[in-house]
Structures are given as structure tokens and as C-alpha cells.
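Okay, structure first, notes after.
In the working numbering, the protein residues as written are 264 to 646.
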């Protein structure tokens with residue numbers, strides 16, 4: 264009987280969904296001779312079933328993780344927790360649901376068991392520069408010092424081929440669907456009524472964590488440059504939780520925008536909303552804004568927009584740019600204030616199209632069952 268530790272003690276965003284999809288799949292169709300231990304936030308529940316058990320972290324530790332103002336402190340807390348759980352449960356294999364915050368610790372300290380992980384940053388999609396070579400060096404050390412069995416890359420078909428050619432068969436690089444939650448919209452909700460938006464205005468939605476990585480500062484700067492005739496025919500919604508270090512900067516930037524451009528219709532919903540409200544926002548918006556400065560990540564926002572057949576304006580480079588173009592999901596541009604402003608003006612004048620056939624195929628691939636099936640099938644191999 265193999266013991267597999269599934270490690271995701273943080274809460275919020277996609278994390279709880281990943282845990283629930285995997286736990287439900289294991290409960291419905293248990294892999295043979297495996298016992299799964301889920302390390303989770305205390306607010307996350309998993310089904311009571313024979314091959315599953317739960318290791319909930321303490322509320323005090325959950326609060327410390329959530330309030331950590333330093334990424335280095337968070338990395339240390341996560342690694343210490345992982346080591347404590349490994350010492351307690353002696354797993355044969357650990358599955359890290361988000362490697363980003365822990366990658367360096369595995370580079371320097373290795374691991375006491377086999378490791379598989381979801382790798383969010385897909386550096387093969389980056390231009391060949393300092394960042395690319397640093398991440399390649401870090402991945403080389405990771406694979407040398409840690410017994411990594413599988414690395415799953417969200418929507419990472421191209422990156423997996425490149426990494427397999429680069430590193431050979433020491434680790435399996437496996438493309439993973441970036442799943443779309445199966446959620447119904449909130450009954451009776453009207454976006455235009457909520458935000459008092461006229462029917463003749465184009466609605467632009469920026470959804471999710473509000474941060475520099477998501478290009479919130481670029482978007483604010485772009486709105487400063489938006490031509491008055493485009494501003495008169497558009498309305499903008501920011502809906503999401505600003506990152507702690509960025510909250511005050513974002514609030515001040517919005518205040519300056521409102522003072523300088525009172526003709527810009529800006530609506531701020533700074534905080535989390537229910538999944539049902541989220542789905543309503545995507546179904547009822549006209550265009551989804553994704554001016555992300557880090558385009559080497561996959562994004563659930565892109566999959567949600569595709570599911571609701573809403574065009575996106577996104578970066579022209581990296582993984583996101585390739586996914587938008589390959590699947591006919593909207594338009595791409597340089598992530599600069601001038602280029603984003605030009606793309607928004609163009610969308611007001613002529614709504615970007617979504618390729619119905621290609622976007623449908625993209626959404627069908629991006630299902631929770633496929634996500635769980637790819638991960639769990641990896642544990643049918645030896646080790």
C-alpha cells in the first residue's frame with residue numbers, strides 16, 4: 264500500500280477546487296493500493312472514504328500563512344510544514360498542488376520521498392533572456408537534487424515537449440488541463456443593474472487577484488490614455504481582492520484616475536465574490552481584460568471567458584498569448600499602456616470575435632474530470 268501525501272495548505276482561488284476535484288475522483292474510483300492524505304486548510308473538507316484521510320493544519324498556522332507579508336517567510340512556513348507532515352506520515356510519494364512557493368526549498372533541501380507537482384510557471388514560453396536562463400538553471404537543480412517523478416504543466420503541451428527534449432526521461436513532463444469550474448450563474452442577477460451601466464455601453468471586466476503580475480497598473484495607465492469617444496461608450500469593472508502589498512497603491516491609482524478622467528466609468532468590487540456571482544459576471548460582460556505582465560502562467564480566467572464565449576484582450580507573448588491565438592479566444596497586444604488603450608478602443612468600436620468551434624474544443628478539454636484523471640493516472644506507474 265503506497266501512501267501519497269497531497270499537499271495544499273493554502274486556501275482561496277483555485278486551490279480548494281483542485282482538492283475537491285481530486286478527492287471526489289479518488290472517492291469515486293480509488294486507485295489500487297494507494298492511501299491518500301490531504302494536507303489542507305482547516306476550512307476545506309474532503310469526502311469520508313476508505314482511501315482518503317485528512318490532515319488539517321491548525322487555525323493558528325492557517326492565519327499565519329494567510330497573513331504572511333513576506334514571500335520568503337511564506338516559503339519557509341510551507342517547507343517546514345511539509346517536512347513535519349512527511350515525518351508524521353512517511354509518504355512514499357508527495358503531490359504538491361502548487362510548486363511555485365516551494366520550488367527553491369526543494370532545490371536546496373531535496374525531499375524525503377518521491378515528489379510530483381503542478382508547475383505553474385512555464386519558462387520555455389519565455390523569451391531567451393535572463394529570466395529564462397535563471398529558471399532553466401533552477402529547474403536543472405530541482406531535478407538533480409529532488410526525486411521528481413512527474414511535473415504537470417497547465418495547458419503545457421508545447422512546454423512539456425521542450426522540457427522532455429531538454430531533460431530526457433528522468434522526469435515525466437505531463438500536460439494538464441486547466442479546468443473550468445462547473446458552476447451555475449446567480450439567479451436573477453443583472454450586472455448592468457448592479458453597476459448602473461447603460462445598454463449601449465461596452466462592459467470590460469478585470470477579474471481575480473488585483474496585482475502587478477496581472478497588469479492592474481498597466482490597465483489603469485491605459486484608461487488614462489483612453490480616447491474620450493471610447494470612454495463615453497464603455498464601462499469598467501475591477502472585481503477581485505487586491506494583493507496586500509499592492510492594495511494601497513491600487514486605491515491611490517484609482518483615485519488619481521477618477522480625478523483626472525471623470526468620464527471613465529470605473530466600478531471597483533475589491534473583495535471575493537461567490538462562484539455564482541463570478542459566473543454571472545463572466546456571462547454578462549462584453550470583454551474580459553487580461554493585460555498580464557506574467558504571460559508564462561496559465562489562467563483559469565481565460566478558461567472561464569472561453570466557457571462563457573466572451574472575448575479577451577490579453578498579452579501577445581508567452582503561454583497566454585499562444586492559447587488566445589490558437590483557440591480563437593480574443594485579441595492579443597503588447598502589455599503597455601498605449602497598446603492596451605488602443606485594444607480597448609478597438610473593442611468598443613468593433614467587438615472582438617470568439618471562434619466558436621476552437622473555443623468549444625478548448626473548454627471541453629478543460630474539465631475537472633480530465634484534470635483529476637491526468638494526475639491520478641500518473642500514480643498507476645511504479646513509484
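Every residue, glycine too, gets a C-beta built ideally from N, C-alpha and C. Since the structure is predicted, the reported quantities are computational estimates derived from the model, not experimental observations.
{"Check": "Looking at the structure shown, is residue 560 part of a helix, part of a strand, or coil, going by DSSP?", "Outcome": "strand"}
{"Check": "Give me the residue from 442, 606, 457 and 375 with the minimum Cα distance to residue 488.", "Outcome": "606"}
{"Check": "Express the C-alpha separation of residue 409 and residue 644 in angstroms, rounding to a whole number.", "Outcome": "Note that residue 644 scores 46 on pLDDT, short of 50, meaning its location in the model is unreliable; the coordinates nonetheless yield the value given after this. Roughly 19 Å separates the two Cα atoms."}
{"Check": "Using a 10 Å radius around the Cβ and a threshold of 16 neighbouring Cβ atoms, would you call residue 284 buried or exposed?", "Outcome": "buried"}
{"Check": "By Cβ distance, which residues of its chain are closer than 7 Å to residue 539, with the 5 residues on each side in sequence left out?", "Outcome": "446, 447, 448 and 449"}
{"Check": "Going by DSSP in three states, residue 634 sits in which element: helix, strand or coil?", "Outcome": "helix"}
{"Check": "Tell me whether residue 435 sits in a helix, a strand or coil according to DSSP, three-state version.", "Outcome": "strand"}
{"Check": "Give a yes or no on whether the C-beta atoms belonging to residue 615 and residue 598 are separated by under 7 Å.", "Outcome": "no"}
{"Check": "So which of 342, 389 and 474 has the shortest CA-CA distance to residue 370?", "Outcome": "342"}
{"Check": "Expressed to the nearest angstrom, what Euclidean distance is found between the alpha-carbon atoms of residue 273 and residue 486?", "Outcome": "34 Å"}
{"Check": "Note down, in chain order, each residue of its chain lying with its Cβ closer than 6 Å to the Cβ of residue 387, except the 5 sequence neighbours on either side.", "Outcome": "422 and 425"}
{"Check": "Whole angstroms are fine: how far does the CA of residue 493 sit from the CA of residue 385?", "Outcome": "35 Å"}
{"Check": "By how many angstroms is the C-alpha of residue 603 removed from the C-alpha of residue 480?", "Outcome": "11 Å"}
{"Check": "When you compare each of 517, 529, 482 and 302 to residue 554 by their alpha carbons, which one comes out closest?", "Outcome": "482"}
{"Check": "I believe residue 592 touches residue 574 by the beta-carbon criterion, under 8 Å. Please report the beta-carbon distance rounded to the nearest angstrom.", "Outcome": "7 Å"}
{"Check": "How far does the alpha helix (DSSP H) with residue 550 in it extend, from its first residue to its last?", "Outcome": "Per DSSP, residue 550 belongs to no alpha helix (DSSP H); it is in the beta strand (DSSP E), 550-552."}
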